[in-house]
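Colleague: Following this message is one structure expressed as structure tokens.
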Amino acid sequence: MEKRIGVCNLCEAICGLELTIEGRDVVGVRGNRADPLSRGHVCPKGVAIADVYADPDRLRRPVRRVGEGADARWQEIGWDEAFDLVADNLARVINEHGDDALGVYLGNPNAHSLGSMTHGTAMFKSFRTRNRFSATSVDQLPHQLVAHLVFGHQLFLPIPDIDRTSWFLVVGGNPMASNGSLMTVPDFPQRLRDLHARGGRMVVLDPRRTETAKVADEHHFVRPGTDAWVLLAMLHVLTAEASPETAPTVASYVDGLDTVVELVADFTPERAEAFSGLPAAEIRRLARELAAADAGVVYSRIGVSAGPWGTVCQWAVTCLNVLTGNLDRPGGAMFTTPAIDAVGTGLIGRGHHDAWRSRVRGLPETAGELPVAALREEIETPGEGQVRALLTVAGNPVLSTPDGARLDGALRALDFMAAVDIYVNETTRHADVILPPTTALERDHYDVVFHLLAVRNTARFTPAVFDKEADQRHDWQIFREVTLRTAARLDRKPPLKKRLVRRARLTASPTFLVGQLLRRGSSGVTLAKLRKRPAGIDLGPLRGGQLPARLPARSKRVDLAPALVVEDVARLAAVGAPAGDELVLIGRRHQRDCNSWMHNSERLTRGRPRHQLLMNPDDLAQRAIEDGSRVRVTSRVGSVEVEVAASDDLMPGVVSLPHGYGHAGDGVLMSRSREVPGVSVNDLTDPELLDVSGNAALNGVPVAVTAC
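The sequence shown begins at 1 in full-length UniProt numbering and counts up one residue at a time.
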């Protein structure tokens, strides 16, 4: 047996691991105490990372689908044959029907793979289609749009300095289960204990008493979809109710304060109470406590991002941190200085909005992608630009995007579909060819994105734990072959110089590119130094006083009043109060889940079932529904049947289904080694419900619940 250093890249916490290896088997996993960011922390998913590597359901060689429907079967083929099949068909569709006839979808795991970051984006851009989609628009798109509009770059995101704050407001986030999201914060439980030890407080606003809410100093229910009124009311308190001595002031590089004051003038705490259920007196107290804290910060996440007013909410959070003087100072909302600065190097683009629109509904793009809620209609609707071929990479949009049942049906009509994935799942079962890459333990890794979002500045390079087998391919090698072979078959080719540059970039390995990017930074960290210190290098706490010099905006100014947000706040002001007796649906996650996968890991699925619909006991009684019975949940787009469980953790009027549990029956070729009960919550979510950014409103969906 031997010890090896590894890394868990299943979620944003990027925890360092100590692995015990016997031959090509992982026989032990523990947290690496020498890691300067995760400090020995590991959650159940990290322990289960060996299950992905050894999973008998995992594909290791390319397969092609033979037959249709229930008669379909998978046939292993060689890599050259697989690459040629994909390239021939993608090029055929593009040559016959135009660039936009190809749709591309990138799933969440792409951000967790070095090869996807260095080569997947190059493949993505090589296709000239406007039909680009990703999991971003069912997740964090409002964050990125606000960062682009306010600061000048879609990933210049303020990070809560949790290690030094004294007053921490969490709105619609659950870091006890997620290990942080757009806030890379491994070992959140210990960091919370440290917050309490120095006399600090954490307050949570959420329609469910989440794992985070249960350990908070305060938890307040807020009706889903109404967080915007609460956050704007807090801004109202800071501006309209302040004395001349306590009125907020902002840094000289911040524009738009007067507009913010005007926008929130009518958003009183009393009005917010009518919408949200949070008492006006509590809203006033929270705003005043935030303003009075020696170091305070507001953090919001997917509970509000995936809501009808996600962009307004993220803008309001930014304004709260700015107006209380907590932006760019210790204990507040700060910016990382990573060894590889994906913002400063241009590795990730600044972003843009509304450069083009979707063909059917006229939805605006953001950062080069259309809302994934439009994917189904772009496949189904005939005409020029109709999506006829689809390439998915590490994604399962049938489970993770709105109205998944209809998307499932639409995928059957494609002329051709290919997938880069290690599983046959609810989406990839429709593919004609599946190209499986190596997994985390078989490839080198550097977290380009999550060091940018971490609560402490660190750097870490992790070599592959196992060499890949001869008949395996890394994801970057797959992206290279698909890109180059497809390009060679297209009727329209770019200039020779551009083709040579593309080939050179795609031929260089991700590890080589990491070394080059490190040299371009100012941290002094090199790949050689990281190889000598595999646990990682500590670059210190987040640093304040970086603005305005580090602002990515060309003006070096912060714009608190971007026109898009001003218009959306005006639209919000005209909305009437919700009906009091309407049920609304929210999702939920569990620490043992990883989005729509990991459900075939025995160690993660054991224990009490967690697939049920959670519902407040009073709501059950009003509908004469028994706890534990089977119910039908119906929305505008569909209905599902599932067991219901009574829970005081749910705000009255709110029901909750977890994300990720799959369909059963109907010929679905499940990737799981054993059936997991449950239904897909996204058979209920509505593609018509979108935030102004184009992000799907997956929370706050109106539903009816009846006994079966």
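We put the beta carbon where it would ideally sit given N, CA and C, even for glycine.
Over what stretch of residues does the beta strand (DSSP E) that includes Ile21 continue unbroken?
Modeller: If you number the sequence shown from 1, residue 21 lands on position 21. Residues Gly16 to Glu22.
Colleague: Quick one: residues in its chain with C-beta nearer than 7 Å to the C-beta of Val215, no 5 flanking neighbours on either side, listed in chain order?
Modeller: Counting from one through the sequence shown, the residue named residue 215 turns up at place 215. So the list reads Met176 and Leu192, once near-sequence residues are dropped.
Colleague: Between the segment 122 to 140 and the segment 247 to 256, are three or more C-beta pairs nearer than 8 Å?
Modeller: As far as the Cβ criterion goes, the segment 122 to 140 does not touch the segment 247 to 256, which means the pair count is below three.
Colleague: Given a cut-off of 7 Å on the beta-carbon distance, is the pair Leu290 and Thr337 in contact?
Modeller: Your numbering for residue 290 matches position 290 in the sequence shown. Your numbering for residue 337 matches position 337 in the sequence shown. The answer is no: Cβ separation not under 7 Å.
Colleague: Taking the Cβ atom as the reference point for each residue, do Asn396 and Thr427 lie within a distance shorter than 7 Å?
Modeller: Position 396 of the sequence shown, counting from 1, holds the residue named residue 396. Position 427 of the sequence shown, counting from 1, holds the residue named residue 427. A contact, by the Cβ cut-off of 7 Å.
Colleague: Can you tell which of Asn326, Pro158, Arg412 and Ala563 has the C-alpha that lies nearest to the C-alpha of Thr165?
Modeller: Your numbering for residue 165 matches position 165 in the sequence shown. Out of Asn326, Pro158, Arg412 and Ala563, Asn326 has the C-alpha closest to the C-alpha of Thr165.
Colleague: Helix, strand or coil: which one does DSSP assign to Val668?
Modeller: To locate residue 668, count along the sequence shown from 1; it is residue 668. No answer about Val668 holds up, because its pLDDT of 41 lies below 50 and its placement is not dependable.
Colleague: Figure out for me which residue from Lys556, Thr121, Gly172 and Gln386 has the closest Cα to the Cα of Val393.
Modeller: Locating residue 393 in the sequence shown gives position 393, counting from the first residue. The shortest Cα separation from Val393 among Lys556, Thr121, Gly172 and Gln386 belongs to Thr121.
Colleague: Return the residue from the list Cys15, Pro62 and Gly23 that minimises the CA-CA distance to Ile49.
Modeller: Start at 1 with the first residue of the sequence shown, and residue 49 comes out as number 49. Per the Cα distances, Cys15.
Colleague: Rounded to whole angstroms, what's the CA-CA distance from Phe168 to Pro541? Just pull it up for me.
Modeller: On the sequence shown, residue 168 is found 168 positions in, with the first residue counted as 1. On the sequence shown, residue 541 is found 541 positions in, with the first residue counted as 1. Cα-Cα distance, rounded: 18 Å.
Colleague: Kindly indicate which three-state DSSP category Arg674 falls into: helix, strand or coil?
Modeller: Taking the sequence shown and counting its residues from 1, one reaches residue 674 at position 674. Note on Arg674: pLDDT 41, under 50, position unreliable in the model; the coordinate value appears next. Correct three-state label for Arg674: coil.
Colleague: Looking only at DSSP bridge pairs, what is Gly540 linked to?
Modeller: On the sequence shown, position 540 is the one that residue 540 refers to. Answer is Asn457.
Colleague: Looking at the unbroken alpha helix (DSSP H) that takes in Met123, where does it start and where does it end?
Modeller: One-based indexing of the sequence shown puts residue 123 at position 123. Thr121 to Ser126 is the span of the alpha helix (DSSP H), which, as asked, contains Met123.
Colleague: Under 8 Å by Cβ, that's how I've got Asn179 and Cys43 pegged, so tell me the actual separation to the nearest angstrom.
Modeller: Mapped onto the sequence shown, residue 179 falls at position 179. Mapped onto the sequence shown, residue 43 falls at position 43. Contact holds; Cβ gap of about 6 Å.
Colleague: Could you tell me the alpha carbon to alpha carbon distance between Val360 and Leu90, rounded to whole angstroms?
Modeller: The residue you call residue 360 lines up with position 360 of the sequence shown. The residue you call residue 90 lines up with position 90 of the sequence shown. Those two C-alpha atoms are separated by around 22 Å.
Colleague: Going by DSSP, what residue range makes up the beta strand (DSSP E) through Arg201?
Modeller: Indexing the sequence shown from 1 puts residue 201 at position 201. From DSSP, the beta strand (DSSP E) with Arg201 extends over Arg201 to Leu205.
Colleague: Terminal residues of the continuous alpha helix (DSSP H) containing Gln516?
Modeller: By one-based count along the sequence shown, residue 516 stands at place 516. That run of the alpha helix (DSSP H) goes Pro510 to Arg520.
Colleague: For Val633 versus Val703, is the C-beta distance shorter than 7 Å?
Modeller: Position 633 of the sequence shown, counting from 1, holds the residue named residue 633. Position 703 of the sequence shown, counting from 1, holds the residue named residue 703. Yes. Within cutoff.
Colleague: Kindly list the residues whose CB is nearer than 8 Å to the CB of Gly665, restricted to its own chain and excluding five residues on each side of it in sequence; keep chain order.
Modeller: Position 665 of the sequence shown, counted from the first residue, corresponds to residue 665. Note that Gly665 has pLDDT 39, beneath the 50 cutoff, so the model's placement of it is unreliable and no number is given.
Colleague: Return yes when the Cβ of Thr486 is within less than 7 Å of the Cβ of Ala87, no when it is not.
Modeller: For the purposes of this step, residue 87 is taken as the residue at position 87 of the sequence shown. For the purposes of this step, residue 486 is taken as the residue at position 486 of the sequence shown. Yes, the pair counts as a contact, with Cβ atoms nearer than the cut-off.
Colleague: Tell me whether Arg30 sits in a helix, a strand or coil according to DSSP, three-state version.
Modeller: To locate residue 30, count along the sequence shown from 1; it is residue 30. Here Arg30 sits in strand by DSSP.
Colleague: If I'm right that Ala342 touches Gly521 with Cβ under 8 Å, what's the distance once you round it to whole angstroms?
Modeller: Working through the sequence shown from its first residue, we reach residue 342 at position 342. Working through the sequence shown from its first residue, we reach residue 521 at position 521. Going by Cβ atoms, the distance from Ala342 to Gly521 rounds to 11 Å, so no, they are not a contact pair.
Colleague: In angstroms, rounded to a whole number, what distance separates the CA positions of Ala508 and Leu85?
Modeller: Translated into the one-based positions of the sequence shown, residue 508 becomes position 508. Translated into the one-based positions of the sequence shown, residue 85 becomes position 85. Roughly 24 Å separates the two Cα atoms.
Colleague: Taking the continuous beta strand (DSSP E) assigned at Arg64, which residues delimit it?
Modeller: Taking the first residue of the sequence shown as position 1, residue 64 is located at position 64. Its beta strand (DSSP E) spans residues Val63 to Val66.
Colleague: Taking the beta carbon of Gly667 as the centre, do at least 16 other beta carbons fall within 10 Å, making it buried, or is it exposed?
Modeller: Taking the sequence shown and counting its residues from 1, one reaches residue 667 at position 667. In this prediction, Gly667 scores a pLDDT of 36, lower than 50, which makes its location untrustworthy; the coordinate-derived value is nonetheless stated afterwards. It is exposed - the Cβ of Gly667 has fewer than 16 other Cβ atoms within 10 Å.
Colleague: Looking only at C-alpha atoms, which of Arg285, Ala549, Ala242 and Cys313 sits nearest to Pro224?
Modeller: Counting from 1 along the sequence shown, the entry for residue 224 is found at position 224. For Pro224, the nearest C-alpha among the options comes from Cys313.
Colleague: According to DSSP, Asp255 sits in a beta bridge with which residue or residues?
Modeller: As a first step, residue 255 must be located in the sequence shown, where it is residue number 255. Answer is Asp559, bridged to Asp255.
Colleague: Quick check: Glu18 and Asn32, are their CB atoms within less than 7 Å of each other?
Modeller: As a first step, residue 18 must be located in the sequence shown, where it is residue number 18. As a first step, residue 32 must be located in the sequence shown, where it is residue number 32. Against a cut-off of 7 Å, the Cβ pair of Asn32 and Glu18 comes out as a contact.
Colleague: Determine the extent of the beta strand (DSSP E) in which Phe168 is found, giving its start and end residues.
Modeller: Against the sequence shown, residue 168 aligns to sequence position 168. Start and end: Trp167 to Val171.
Colleague: Near Gly385, what residues of its chain come up, given a Cβ to Cβ distance below 6 Å and the 5 sequence neighbours on each side ignored?
Modeller: The count along the sequence shown starts at 1 and reaches residue 385 at position 385. Only Asp100 and Arg359 meet the Cβ criterion.
Colleague: Alpha helix (DSSP H) containing Leu231: first to last residue?
Modeller: If you number the sequence shown from 1, residue 231 lands on position 231. Leu231 -> alpha helix (DSSP H) spans Asp227 to Ala240.
Colleague: Please confirm whether Ala333 and Val297 have their CB atoms less than 7 Å apart.
Modeller: On the sequence shown, position 333 is the one that residue 333 refers to. On the sequence shown, position 297 is the one that residue 297 refers to. Their beta carbons are under 7 Å apart, which means Ala333 touches Val297 by this criterion.
Colleague: Whole angstroms is fine: what's the gap from Leu238's alpha carbon to Leu560's?
Modeller: For the purposes of this step, residue 238 is taken as residue 238 along the sequence shown, with counting starting at 1. For the purposes of this step, residue 560 is taken as residue 560 along the sequence shown, with counting starting at 1. In a straight line, the C-alpha of Leu238 is about 15 Å away from that of Leu560.
Colleague: For the putative contact between Gly700 and Pro308, defined by C-beta atoms under 8 Å, what is the C-beta separation to the nearest angstrom?
Modeller: For this step, residue 700 is matched to residue 700 along the sequence shown. For this step, residue 308 is matched to residue 308 along the sequence shown. The pair is a contact, with the Cβ atoms about 6 Å apart (cut-off 8 Å).
Colleague: Pick out whichever of Gly383, Gly351 and Ile283 has its Cα sitting closest to the Cα of Ala553.
Modeller: Taking the sequence shown and counting its residues from 1, the one referred to as residue 553 is at position 553. Taking only the C-alpha atoms, the option nearest Ala553 is Gly351.
Colleague: Measure from the alpha carbon of Ala696 to the alpha carbon of each residue in Ala374, Thr458, Val448 and Arg502, then state which is nearest.
Modeller: Counted from its first residue, the sequence shown places residue 696 at position 696. Of Ala374, Thr458, Val448 and Arg502, the residue nearest in Cα terms is Ala374.
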